[in-house]
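See structure below.
Protein chains: 2
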Amino acid sequence: MTSRGSYHHGDLRNALARAAAELAATGGPDAVTIRGAAREVGVTPTAAYRHFADQSDLLEAARALTMDGMAAAMGELVAAVPADGDATERAIARLRSTGRGYIRFALEEPGIFRTCFTGQLRFPSDPMPEDPAPYALLGEMLDELVEVGWLAPEDRPGAEAGPWAAVHGLALLLVDGPLKDLDDAEREDAIERTLDLTVRGLATGPEARRAR
Amino acid sequence: MTSRGSYHHGDLRNALARAAAELAATGGPDAVTIRGAAREVGVTPTAAYRHFADQSDLLEAARALTMDGMAAAMGELVAAVPADGDATERAIARLRSTGRGYIRFALEEPGIFRTCFTGQLRFPSDPMPEDPAPYALLGEMLDELVEVGWLAPEDRPGAEAGPWAAVHGLALLLVDGPLKDLDDAEREDAIERTLDLTVRGLATGPEARRAR
DNA sequence: CGTGAACTTTATGGGTGTTAACTTGGCAGG
DNA sequence: CCTGCCAAGTTAACACCCATAAAGTTCACG
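Shown next, in the form of structure tokens:
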């Protein structure tokens, strides 16, 4: 495999998928085209059809790759959260850091971010993308919040929606939307305040009542 | 003006803008093309260049129109909130209704919604779209929350970001994103829980402390 | 009745997905 | 070691789509 230079590429499928992911990173999902990926790899457009049924198939592959990249980048950010201090504070800090990582990633890699989350998938109902890794990460954070008594256990099921929405929404407002032109200070302020709101919004447990 | 049928259309600019808005409604911003709008109006593509500098100019016009439509639709929804009961409860109900209206509109008119908010505007830094009407509406709701003592006055400045982000984010997750395939019950649940989180997240005032 | 704005035709030059038919060359089996 | 098969590539072409410019035509109005 990977026998570059030869007539038979040997790993074309992966090479095309990686190229597609790069295109997505710089130009968003719309930039993911069969011809573009083929061009990047230095191969004929039609060659791609040996490995992908059609353009949406290629997009799907690119999405999978970019999703992995995003999950990895976020994982690092969350792992970097200091593990000292009071358990409740730490759990909260970890949740905040998860959200911050999500938003920061969106700002640094808007193309990847859009590719991951603005599906706009075509008519054929495609298989629900199992569990986006960031989503799973959020779930863990919420579990921790239940353990330390910040979030009430009975509120745990389905608790992902709110925090996810808040962080996701702010990311998009900042990247693509009306909040795009904020300066650094304003942006940081918006982020921290949104995280404030999120943490406070999750405060339904006994420990939260006590802290108040 | 408006002399239809004649060689000189008389109101081409508006006609094209309306057509562009329709295209945006059904196909999102990507569907807004000079040729498409011209076709719709029954006129030659080049005619459009008498009224719009280029395609992005047309898009801008479409965005303005769709934005107006969105604001109007949301205004109705908010105005329909019952005005009875306790002041605090009413203020909260109005805030929730604003958010619900925003999300509902996004679900009913995804094309318009995307056109309004997923800028992805081109390189030339275009003039910041003053104040999107829904944003202004949110501001009023927050003012009311301060008046009734739910939101602390010192937290009022810049308080828009959080609620807007939450509602905006959920709308996008439901319309375009991974939450697209939820069934009705799940969707409603996600909406209400996100609104719960938002309201609780804003509870920094004296009245909120009392209610707890 | 002439002028000029509003519209037309015509054309250039680019992009895309996708199919059909041909070529190359690695590898398995005689 | 040769040979032939077939997967993995190729060239070529079809059929769309788009933005935009140059030059000609129409007609409303002063």
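Chains as they are written, first to last, in this note's numbering: chain A, 1 to 212; chain B, 1001 to 1212. Think of the CB as a built atom: it goes at the ideal place given N, C-alpha and C, for glycine as much as any other residue.
Could you spell out the range, first to last residue, of the alpha helix (DSSP H) harbouring residue i?
i: residue 213 of chain A; result: Residue coverage of chain A in this structure runs from 1 to 212, which leaves residue 213 of chain A outside it and unanswerable.
i: residue 1041 of chain B; result: 1034 to 1041
i: residue 209 of chain A; result: 206 to 211
i: residue 1022 of chain B; result: 1012 to 1027
i: residue 48 of chain A; result: 45 to 48
Assign residue i to one of three DSSP states: helix, strand, or coil.
i: residue 1081 of chain B; result: coil
i: residue 104 of chain A; result: helix
i: residue 168 of chain A; result: helix
i: residue 97 of chain A; result: helix
i: residue 184 of chain A; result: helix
i: residue 68 of chain A; result: helix
i: residue 1110 of chain B; result: helix
i: residue 1006 of chain B; result: coil
i: residue 1075 of chain B; result: helix
i: residue 1144 of chain B; result: helix
i: residue 89 of chain A; result: helix
i: residue 176 of chain A; result: coil
i: residue 245 of chain A; result: Outside the displayed range of chain A (1 to 212) lies residue 245 of chain A, so it cannot be described from this structure.
i: residue 57 of chain A; result: helix
i: residue 194 of chain A; result: helix
i: residue 203 of chain A; result: coil
i: residue 1052 of chain B; result: coil
i: residue 1118 of chain B; result: coil
Shorter than 8 Å from the beta carbon of residue i to some beta carbon of chain A?
i: residue 1015 of chain B; result: no
i: residue 1009 of chain B; result: no
i: residue 1200 of chain B; result: yes
i: residue 1189 of chain B; result: yes
i: residue 1239 of chain B; result: It is not possible to answer for residue 1239 of chain B, since the shown part of chain B is limited to 1001 through 1212.
i: residue 1162 of chain B; result: yes
i: residue 1172 of chain B; result: yes
i: residue 1071 of chain B; result: no
i: residue 1061 of chain B; result: no
i: residue 1025 of chain B; result: no
Would the C-beta of residue i count as close to the ligand SAH, meaning under 7 Å from any of its heavy atoms?
i: residue 1157 of chain B; result: Annotation note on the ligand SAH: not contained in the displayed structure, which lists no ligands.
Taking the beta carbon of residue i as the centre, do at least 16 other beta carbons fall within 10 Å, making it buried, or is it exposed?
i: residue 1101 of chain B; result: buried
i: residue 1176 of chain B; result: buried
i: residue 97 of chain A; result: buried
i: residue 1114 of chain B; result: buried
i: residue 1111 of chain B; result: buried
i: residue 136 of chain A; result: exposed
i: residue 1094 of chain B; result: buried
i: residue 1106 of chain B; result: buried
i: residue 44 of chain A; result: exposed
i: residue 1158 of chain B; result: exposed
Just checking: is the beta-carbon of residue i within a distance shorter than 8 Å of some beta-carbon in chain B?
i: residue 193 of chain A; result: yes
i: residue 176 of chain A; result: yes
i: residue 117 of chain A; result: yes
i: residue 168 of chain A; result: yes
i: residue 158 of chain A; result: yes
i: residue 99 of chain A; result: no
i: residue 150 of chain A; result: no
i: residue 203 of chain A; result: yes
i: residue 87 of chain A; result: no
What's the C-alpha gap between residue i and residue j?
i: residue 90 of chain A; j: residue 143 of chain A; result: 13 Å
i: residue 1059 of chain B; j: residue 1172 of chain B; result: 21 Å
i: residue 57 of chain A; j: residue 63 of chain A; result: 10 Å
i: residue 1025 of chain B; j: residue 1211 of chain B; result: 43 Å
i: residue 169 of chain A; j: residue 1167 of chain B; result: 7 Å
i: residue 1174 of chain B; j: residue 1138 of chain B; result: 21 Å
i: residue 1010 of chain B; j: residue 1042 of chain B; result: 13 Å
i: residue 1148 of chain B; j: residue 192 of chain A; result: 25 Å
i: residue 1067 of chain B; j: residue 74 of chain A; result: 34 Å
i: residue 52 of chain A; j: residue 1023 of chain B; result: 31 Å
i: residue 108 of chain A; j: residue 1086 of chain B; result: 46 Å
i: residue 204 of chain A; j: residue 1204 of chain B; result: 14 Å
i: residue 16 of chain A; j: residue 39 of chain A; result: 9 Å
i: residue 1200 of chain B; j: residue 182 of chain A; result: 26 Å
i: residue 99 of chain A; j: residue 8 of chain A; result: 45 Å
i: residue 190 of chain A; j: residue 198 of chain A; result: 12 Å
i: residue 1184 of chain B; j: residue 81 of chain A; result: 38 Å
i: residue 1046 of chain B; j: residue 1030 of chain B; result: 19 Å
i: residue 1127 of chain B; j: residue 1164 of chain B; result: Only weak support is given to the placement of residue 1127 of chain B: the predicted model assigns it a pLDDT of 38, under 50, and the value that follows is read from those uncertain coordinates. One C-alpha to the other measures close to 21 Å.
i: residue 218 of chain A; j: residue 160 of chain A; result: Limits of chain A in this structure are 1 at one end and 212 at the other, which puts residue 218 of chain A out of reach.
i: residue 1065 of chain B; j: residue 116 of chain A; result: 29 Å
i: residue 35 of chain A; j: residue 1037 of chain B; result: 28 Å
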